[in-house]
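One structure below.
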Amino acid sequence: MTQHHQPDSESADGRIKKPRHKKYQNQSYGERLAADATYDAPREDPKPVVREDSKPVVKGYRAEQARPDRSRDDRPVRSDDRSSDERPRYERTERPYAGNARDDRPAFRRDDRPQQNRGDRPYARTERDGKQYPRAAERTDRPQYRRDDRPQGDRTERPRFNRDDRTDRPQYRQDDRGPRSDDRSSYRRDDKPFVRRPSQEERRGEPIRREEPVIDLGTVADDNQFAALGIAPRLVQRLARDGITAPFPIQTATIPDALAGRDVLGRGQTGSGKTLGFGLPTLMRLSGGHTESRRPRGMILVPTRELAMQVHDALEPLAHVMNVSLKLIAGGLPYPKQIESLRRGVDLLIATPGRLIDLCEQGAADLGAVEVAVLDEADHMCDMGFMPAVTTLLDMTPPEGQRLLFSATLDNDVDKIVKTYLKDPVQHSTESGQATVSTMEHHLLVIEPAHKQSLTAELASRDGRTIVFVRTKLGADRIATQLRDRGVMAAALHGGLTQGMRNKTLDQFKDGSVPVLVATDVAARGIHVDDVGLVVQADPPAEHKDYLHRAGRTARAGGKGAVVTLLLPHQRRGMIRMAESAGVKAEPVRARPGDELVTELTGGTKPSGYPVKLPAPKPQRFSKGGGGKRFGSGRPGRGDNRGSSGPRRSNGGPRRTDGKSYQH
DNA sequence: AAAAAAG
């Protein structure tokens, strides 16, 4: 890279910045935004960098010098660690005419252009791998047909599938289709609200009578443990219908206290059913009450949009049988529906903080009637970045309301929230809190930097679903591309993508068309996908909690799973400490591509080495939930630096473009 | 320290 002016060096006015959390302590969200808009990053004067072989660089700094601590793992050592023979040769096709002057180009008209004698060329060359393949015409391994002497096959005898011949489904023709709006009972899910268009009378202002759903949920065993916890029969029945008859430990522990109206701190292992732990009591509490326009009575805050969707989808059928309305409030989806349903009055919000604050400031929502406030992934919601938003929201709720905090780990600054917002909380932890589930095995592999790519590819090329965690958004994109280049179908998931892409990618991962997900920590928490057999940490986690959360994507709900962490030699020590704090028992071992251990982990499959392309998303007909149509598509998510002070950095781009010096 | 969370 050549030296260039740093785009952000205009922030060199040396203003001192207060630490962010202090700065925001007494500011409203809006004030904070306003402040951010005009705020410049603190700036240390760039010290002259002197190198023996160069003049002092006073203004700006040389990129390569400015990153002395750039760790090897994210340095693009070489774009490809295959040996030069293995690596595909990308050949530049020769351009016939160089130069800009248009008049020195021979002017061919279409018909007097030199005829490339295509037939004489013995081989077609593909740009992609530089190999030469016989032209189709020369191939002897398959019959060559010209259009008109192709065997005619039995095209005419092939059974024709005709819509009208199908007997396996009712046949409607335009004119004998059932009446559209009146009788849809046969299409109607019995646990889904049937939204009826208001009649003219109703629109004129006569009161709308809400139909009580008629639901037959079947019977429930007498010894159903949910019933014993005090859960309403309708909920118990609905759960039983999905085969949920026995509560998990965290649910057994927290539900009675939560039902009693107490503030609860719940810590349960990953995949242990925390969602129902707070969901059921919340629904019980909200059931039967009256919600005013724009004044929801319950709110569940979650750190990512995907998690919000997941919680929403998990609670929706349950909320329905309790006659509780709920709404997903998250960024990336259109405002009008959210505003409209708030206006009509919705009992329970499942929200990401930013959008909810936004709606409150717009006056579309008022949290003054919130009886139950839930923080899912509480410790994450309490870290530096989220804390201001979370306190802003909690401040808007009445202090006497009930608060439920749930997480797999409870530390960080959760204490602050607990002290400020919870009264006489009961804490319930299942198991020892730290250790991961016993069906999970852990491997720490110390590897050479040059082997990282090929090892990742080997690990990911296994059968079944795999999540590869990386540290940065850029890294996620890069590794996903590299995996595809090596023949492993992988897609990147991170917050820098549009919500449409995020949904598409997650859907494809769920439906199996893309078995490998390369994700930042956006997917570290809460996201549940069945049968993720392996978690690969291509970059080790930043701290032990992250290890636990990432690892928790596998071995869920009693299933088996393995976690493999790739370590560069210098990351070994830190990882050992992390494993200790996380209660993970694993010894770092050296590993190279092709090692027995690796083969064993992957079941012996190997990447093909031939590049693959991402599948097109499946067309989503009648999609309900599942995400495809849920968020507005194509709208970019916020840039990741929204709200952060200082000049805007490129999205996930190289670090330290913010004018700060690397020298400490 | 990065990522996430509003457009």
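Take 666 as the starting number for the first sequence in our numbering and just add one per residue.
Using N, Cα and C, we set each Cβ at its ideal position, and we do this for glycine too.
Helix, strand or coil at Ile1132 [DSSP, three-state]: As a working mapping, residue 1132 is identified with position 467 in the first sequence. Strand.
Distance check for Ile1022 and Cys1047, CA to CA, integer angstroms please. Position 382 of the first sequence, counted from the start, is the residue given in the question as residue 1047. Position 357 of the first sequence, counted from the start, is the residue given in the question as residue 1022. Computed Cα separation, rounded: 16 Å.
Backbone CA spacing between Glu1208 and Met1243 [nearest angstrom]: Here residue 1208 is taken as the residue at index 543 of the first sequence, counted from 1. Here residue 1243 is taken as the residue at index 578 of the first sequence, counted from 1. Using only the alpha carbons, I get a separation of about 6 Å.
C-alpha distance - Arg932 paired with Leu1199, whole-angstrom precision: Residue mapping note: residue 932 aligns to position 267 of the first sequence, counting from 1. Residue mapping note: residue 1199 aligns to position 534 of the first sequence, counting from 1. Roughly 24 Å between the two C-alpha positions.
When burial is assigned at 16 or more other CB atoms within 10 Å of the CB, is Arg959 buried or exposed? The residue given as residue 959 occupies position 294 in the first sequence. The residue in question, Arg959, is buried, as its Cβ has 16 or more Cβ neighbours within 10 Å.
So what's Ile1192 in DSSP terms, helix, strand or just coil? The sequence position of residue 1192 within the first sequence is 527, counting from 1. It is coil, neither helix nor strand.
Once the 5 residues before and after Val1183 are set aside, which same chain residues still bring their CB inside 6 Å of it? For the purposes of this step, residue 1183 is taken as residue 518 along the first sequence, with counting starting at 1. Cβ neighbours of Val1183 beyond the five flanking positions: Val1133, Ala1141, Ile1144, Ala1145, Ala1155, Ala1157.
Tell me where the beta strand (DSSP E) around Ala1155 begins and ends. As a first step, residue 1155 must be located in the first sequence, where it is residue number 490. Residues 1155 to 1158.
Three-state class that DSSP yields for Thr910 in the structure shown: Here residue 910 refers to the residue found at position 245 of the first sequence. In the structure shown, Thr910 sits in coil (DSSP, three-state: anything other than H, G, I, E or B).
For Gly944, I'd like the list of residues in its chain whose CB is within less than 6 Å of its CB, leaving aside the five on either flank, ordered along the chain. Position 279 of the first sequence holds residue 944. For Gly944, where only same-chain residues beyond five positions count, the Cβ hits under 6 Å are Leu980.
Within 10 angstroms of the Cβ of Pro787, are there 16 or more other Cβ atoms? Answer buried if so, exposed if not. Within the first sequence, numbered from 1, the residue matching residue 787 stands at position 122. A caution first: Pro787 carries a pLDDT of 44, below 50, which makes its placement in the model unreliable, though a value can still be read off. Per the 10 Å Cβ criterion, exposed.
Measuring only the C-alpha atoms, how far is Asp887 from Thr1219? The sequence position of residue 887 within the first sequence is 222, counting from 1. The sequence position of residue 1219 within the first sequence is 554, counting from 1. Those two C-alpha atoms are separated by around 33 Å.
Just to confirm, is the Cβ distance from Lys1088 to Leu1231 under 8 Å? Indexing the first sequence from 1 puts residue 1088 at position 423. Indexing the first sequence from 1 puts residue 1231 at position 566. It is not a contact, given that the beta carbons lie outside the stated cut-off.
Contact under 8 Å by Cβ, Ile920 with Pro946: Along the first sequence, read from residue 1 onward, the residue named residue 920 stands at position 255. Along the first sequence, read from residue 1 onward, the residue named residue 946 stands at position 281. Yes, these two residues count as a Cβ contact at 8 Å.
Please tell me whether, using a cut-off of 7 Å, the distance from the CB of Asp1196 to the nearest non-hydrogen atom of the ligand FMN is below it. The ligand FMN is not part of this structure, which contains no ligands at all.
Since Lys1225 and Ser1126 should fall inside the 8 Å C-beta cutoff, what is the C-beta to C-beta distance between them, to a whole number of angstroms? Position 560 of the first sequence, counting from 1, holds the residue named residue 1225. Position 461 of the first sequence, counting from 1, holds the residue named residue 1126. The pair is not a contact, with the Cβ atoms about 19 Å apart (cut-off 8 Å).
Are Thr1267 and Glu1106 closer than 8 Å when you measure CB to CB? As a first step, residue 1267 is located in the first sequence; it is residue number 602 there, counting from the start. As a first step, residue 1106 is located in the first sequence; it is residue number 441 there, counting from the start. No, the Cβ-Cβ distance between Thr1267 and Glu1106 is not below 8 Å.
Boundaries of the alpha helix (DSSP H) in which Val1035 is found, first to last residue: Taking the first sequence and counting its residues from 1, the one referred to as residue 1035 is at position 370. No alpha helix (DSSP H) contains Val1035, which DSSP labels as neither H nor E.
Bridge partner(s) assigned by DSSP for Ile994: Within the first sequence, numbered from 1, the residue matching residue 994 stands at position 329. According to DSSP, Ile994 bridges with Ala1016.
Distance, Cα to Cα, Glu957 vs Asp1060? To locate residue 957, count along the first sequence from 1; it is residue 292. To locate residue 1060, count along the first sequence from 1; it is residue 395. Each residue's alpha carbon lies about 20 Å from the other.
Please go through the same chain and pick out, in chain order, the residues whose beta-carbon is closer than 7 Å to the beta-carbon of Ala995, but skip the five residues on each side of it. Taking the first sequence and counting its residues from 1, one reaches residue 995 at position 330. Excluding sequence neighbours, Ala995 sits near Arg970, Ala973, Ala1016, Thr1017, Arg1020.
For Phe1071: DSSP bridge partner residues: Locating residue 1071 in the first sequence gives position 406, where the first residue counts as 1. Paired residues: Gly931, Asp1041.
Alpha carbon to alpha carbon, how far is Ser1273 from Asp1150? The residue given as residue 1273 occupies position 608 in the first sequence. The residue given as residue 1150 occupies position 485 in the first sequence. Their Cα atoms are separated by approximately 9 Å.
Below 8 Å on the Cβ atoms is my guess for Pro961 versus His1045; work out the distance and round it to an integer in Å. As a first step, residue 961 is located in the first sequence; it is residue number 296 there, counting from the start. As a first step, residue 1045 is located in the first sequence; it is residue number 380 there, counting from the start. Actually they are not in contact, since the Cβ atoms of Pro961 and His1045 sit about 23 Å apart, beyond 8 Å.
Can you tell me which residues form a DSSP beta bridge with Arg1238? For the purposes of this step, residue 1238 is identified with residue 573 of the first sequence, where counting begins at 1. According to DSSP, Arg1238 bridges with nothing at all.
Expressed to the nearest angstrom, what Euclidean distance is found between the alpha-carbon atoms of Ala892 and Arg1221? For the purposes of this step, residue 892 is identified with residue 227 of the first sequence, where counting begins at 1. For the purposes of this step, residue 1221 is identified with residue 556 of the first sequence, where counting begins at 1. Those two C-alpha atoms are separated by around 25 Å.
Curious, which full-length alpha helix (DSSP H) runs of at least 4 residues does the stretch 1205 to 1231 contain? 1209 to 1216
Determine the burial state of Ala1038: buried for a count of at least 16 other Cβ atoms within 10 Å of its Cβ, exposed for fewer. The count along the first sequence starts at 1 and reaches residue 1038 at position 373. With 16 or more other Cβ atoms within 10 Å, it is buried.
Looking only at C-alpha atoms, which of Asp1186, Leu1120, Ala911 sits nearest to Arg1136? Locating residue 1136 in the first sequence gives position 471, counting from the first residue. Arg1136 has its Cα closest to that of Asp1186, out of Asp1186, Leu1120, Ala911.
Does Met1166 pass the burial test, meaning 16 or more other C-beta atoms within 10 Å, or should it be called exposed? Locating residue 1166 in the first sequence gives position 501, where the first residue counts as 1. Under this definition Met1166 is a buried residue.
Range of the contiguous beta strand (DSSP E) that encloses Ile896: Sequence index remark: in the first sequence, residue 896 carries index 231 (1-based). Unbroken run through Ile896: none, as it is neither H nor E.
Reducing DSSP to helix, strand and coil, say where Met1166 ends up. What you label residue 1166 is simply residue 501 of the first sequence in a count that begins at 1. Here Met1166 sits in helix by DSSP.
Residue closest to Ala1030, alpha-carbon to alpha-carbon, out of Arg1008, Met1049, Gly1050: Looking up residue 1030 in the first sequence gives position 365. Looking at the Cα atoms, Arg1008 is the closest of the given residues.
Which listed residue (Asp1211, Lys1210, Gly1177, Leu1213) has its alpha carbon closest to that of Ile1197: Position 532 of the first sequence, counted from the start, is the residue given in the question as residue 1197. It is worth fixing the name first, because residue 1197 is Val in this sequence and not Ile. When only C-alpha atoms are compared, the closest one is Gly1177.
Between Glu1042 and Asp928, what straight-line distance do the alpha-carbon atoms span, to the nearest angstrom? Stepping through the first sequence from its first residue, residue 1042 is reached at position 377. Stepping through the first sequence from its first residue, residue 928 is reached at position 263. Cα to Cα, Glu1042 sits roughly 16 Å from Asp928.
Compute the Euclidean distance between the alpha carbons of Lys1081 and Pro999, then round it to the nearest angstrom. Numbered from 1 along the first sequence, position 416 holds the residue referred to as residue 1081. Numbered from 1 along the first sequence, position 334 holds the residue referred to as residue 999. Looking at the two C-alpha atoms, the distance is approximately 34 Å.
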